[in-house]
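Novice: Following this message is one structure expressed as structure tokens.
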């Protein structure tokens with residue numbers, strides 16, 4: 007009888023413990039638990055490297071929730087949708103901005119950064135669990151750093167490849183031959199320097215003397231040159247007049263050959279020329 011009573015008490019305590027656990031769970035999901043949590047979908051148009059389920063969500067530097075789901079936008083697979091759960095008292099508005107933040111540069115982990123830099127705008131806190139507002143994330147400094155870092159890495163890789171091609175054995179031989187030829191040319195120029203410099207100086211002096219003499223000659227004969235130029239103009243006018251006279255003479259000669267009676271007078275005979283009927 008006592009053993010049955012003992013088992014009954016043990017079962018009673020087990021049921022009481024289970025009821026306590028259920029009550030504690032209900033309390034967590036009650037006014038201070040799930041009912042005080044709301045959901046938002048943050049849409050990223052860039053990579054979200056380092057962001058995982060369970061990553062923190064911060065609003066103006068204060069942790070207010072976590073990421074509960076990651077997936078792709080069914081209408082645009084290039085966009086990533088992160089569903090976040092935050093406290094209902096988080097003052098999210100239409101002006102709230104979202105970015106991808108770096109939680110640790112060592113591990114590469116990331117978090118969702120919510121920025122509310124103004125108190126204006128309509129509140130977007132949902133009314134019920136079925137209402138999930140959408141927040142379009144903007145490109146963050148971390149995303150810019152990642153994209154620029156990839157571009158710099160690609161440029162560095164290309165530069166390294168070009169340097170390797172430039173320093174290949176074939177190019178090294180060509181560069182060595184070019185340097186050797188340059189060294190030989192420099193040595194030859196050094197040997198002939200003493201001989202070439204006086205000749206160059208003499209040539210320059212001769213050119214200077216010739217230019218001075220030509221300038222002096224032009225100055226001395228400037229009146230004669232001007233008179234000669236005027237004479238050339240008169241000669242040009244005379245030649246034009248002569249050409250016009252010659253053209254008139256040619257026309258007269260051609261008319262005399264073709265129709266002499268018309269030129270000398272109709273019905274008259276030229277002296278010394280007998281008439282055709284005589």
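In our numbering, the protein residues as written are 7 to 284.
The C-beta atom is built at its ideal place from N, Cα and C for all residues, glycine as well.
(1) Taking contact to mean at least 3 C-beta pairs separated by less than 8 Å, is the segment 79-87 in contact with the segment 112-121?
(2) Which residue marks the beginning of the beta strand (DSSP E) containing residue 68, and which one marks its end?
(3) In the DSSP assignment, the beta strand (DSSP E) including residue 48 goes from what residue to what residue?
(4) Can you tell me whether residue 104 is buried or exposed? The criterion is at least 16 other CB atoms within 10 Å of its CB, across all chains shown.
(5) With distance defined between alpha-carbon atoms, name the residue in 165, 221 and 102 nearest to residue 131.
(6) In the segment 91-169, which residue ranges form an unbroken beta strand (DSSP E) of at least 3 residues, counting only runs that do not cross its ends?
(7) Residues in its own chain within less than 6 Å of residue 65 by CB, not counting five upstream and five downstream?
(8) If the criterion is Cβ atoms closer than 9 Å, does the pair residue 140 and residue 47 meet it?
(9) Identify whether residue 62 lies in helix, strand or coil by the three-state DSSP scheme.
(10) Alpha carbon to alpha carbon, how far is residue 55 from residue 147? Give it in angstroms, no decimals.
(11) Would residue 94 and residue 44 qualify as a contact pair, given that the criterion is a beta-carbon distance under 9 Å?
(12) Once DSSP output is grouped into helix, strand and coil, what is the label at residue 192?
(13) Apart from the five residues on each side of it in sequence, which residues of its chain come closer than 6 Å, Cβ to Cβ, to residue 127?
(14) Give the DSSP bridge partners of residue 88, in chain order.
(15) Would you mind working out which of 112, 61 and 26 sits nearest residue 90, comparing C-alpha positions?
(16) Please report the distance separating the alpha-carbon of residue 213 from that of residue 191.
(17) If we ignore side chains and look at the alpha-carbon of each, how far apart do residue 145 and residue 57 end up?
(18) Determine whether the beta carbon atoms of residue 79 and residue 112 lie at a separation below 9 Å.
(19) How many Å lie between residue 134 and residue 53 at the Cα?
(20) Express the C-alpha separation of residue 245 and residue 228 in angstroms, rounding to a whole number.
(21) For residue 82, which residues does DSSP report across the bridge?
(22) Short of 8 Å in beta carbon distance, which residues of its chain neighbour residue 171, apart from the five on each side in sequence? Order them along the chain.
(23) Between which residues of its own chain and residue 92 is the CB-CB distance below 6 Å, once the five residues before and five after are set aside?
(24) Using the C-alpha atoms, what's the distance from residue 158 back to residue 168?
(25) Under the rule that 16 or more other beta-carbon atoms within 10 Å means buried, what is residue 225, buried or exposed?
Specialist: On the basis of the data shown:
(1) no
(2) Your numbering for residue 68 matches position 62 in the chain shown. Taken as a continuous stretch (DSSP letters only), the beta strand (DSSP E) holding residue 68 covers 68-79.
(3) Start at 1 with the first residue of the chain shown, and residue 48 comes out as number 42. Segment 43-50, the beta strand (DSSP E) holding residue 48.
(4) Locating residue 104 in the chain shown gives position 98, where the first residue counts as 1. Label assigned to residue 104: buried.
(5) Translated into positions along the chain shown, residue 131 becomes position 125. With distances taken between Cα atoms, residue 131 lies closest to 102.
(6) 103-108, 116-121 and 140-142
(7) Indexing the chain shown from 1 puts residue 65 at position 59. 96 and 120, listed in sequence order.
(8) As a first step, residue 140 is located in the chain shown; it is residue number 134 there, counting from the start. As a first step, residue 47 is located in the chain shown; it is residue number 41 there, counting from the start. It is a contact, given that the beta carbons lie within the stated cut-off.
(9) By one-based count along the chain shown, residue 62 stands at place 56. Of the three classes helix, strand and coil, the one that applies to residue 62 here is strand, per DSSP.
(10) As a first step, residue 147 must be located in the chain shown, where it is residue number 141. As a first step, residue 55 must be located in the chain shown, where it is residue number 49. Going by the C-alpha atoms only, they are around 13 Å apart.
(11) Position 88 of the chain shown holds residue 94. Position 38 of the chain shown holds residue 44. Contact flag set, yes.
(12) Within the chain shown, numbered from 1, the residue matching residue 192 stands at position 186. Of the three classes helix, strand and coil, the one that applies to residue 192 here is helix, per DSSP.
(13) On the chain shown, residue 127 is found 121 positions in, with the first residue counted as 1. Within the same chain, residue 127 has close Cβ partners 99, 100 and 101.
(14) As a first step, residue 88 must be located in the chain shown, where it is residue number 82. For residue 88, which the question treats as bridged, DSSP gives the partners 48 and 76.
(15) Working through the chain shown from its first residue, we reach residue 90 at position 84. For the residues 112, 61 and 26, the minimum Cα distance to residue 90 belongs to 61.
(16) The count along the chain shown starts at 1 and reaches residue 213 at position 207. The count along the chain shown starts at 1 and reaches residue 191 at position 185. Cα to Cα, residue 213 sits roughly 28 Å from residue 191.
(17) For the purposes of this step, residue 145 is taken as the residue at position 139 of the chain shown. For the purposes of this step, residue 57 is taken as the residue at position 51 of the chain shown. Cα to Cα, residue 145 sits roughly 15 Å from residue 57.
(18) Position 73 of the chain shown, counting from 1, holds the residue named residue 79. Position 106 of the chain shown, counting from 1, holds the residue named residue 112. No.
(19) Translated into the one-based positions of the chain shown, residue 134 becomes position 128. Translated into the one-based positions of the chain shown, residue 53 becomes position 47. Using only the alpha carbons, I get a separation of about 30 Å.
(20) As a working note, residue 228 is residue 222 in the chain shown. As a working note, residue 245 is residue 239 in the chain shown. In a straight line, the C-alpha of residue 228 is about 26 Å away from that of residue 245.
(21) Against the chain shown, residue 82 aligns to sequence position 76. Answer by DSSP bridge pairing, in chain order: 79.
(22) Residue mapping note: residue 171 aligns to position 165 of the chain shown, counting from 1. So the qualifying residues of the chain are 177.
(23) One-based indexing of the chain shown puts residue 92 at position 86. So the list reads 63, 70 and 71, once near-sequence residues are dropped.
(24) As a first step, residue 168 is located in the chain shown; it is residue number 162 there, counting from the start. As a first step, residue 158 is located in the chain shown; it is residue number 152 there, counting from the start. About 15 Å.
(25) Position 219 of the chain shown, counted from the start, is the residue given in the question as residue 225. Exposed, because fewer than 16 other Cβ atoms sit within 10 Å of the Cβ of residue 225.
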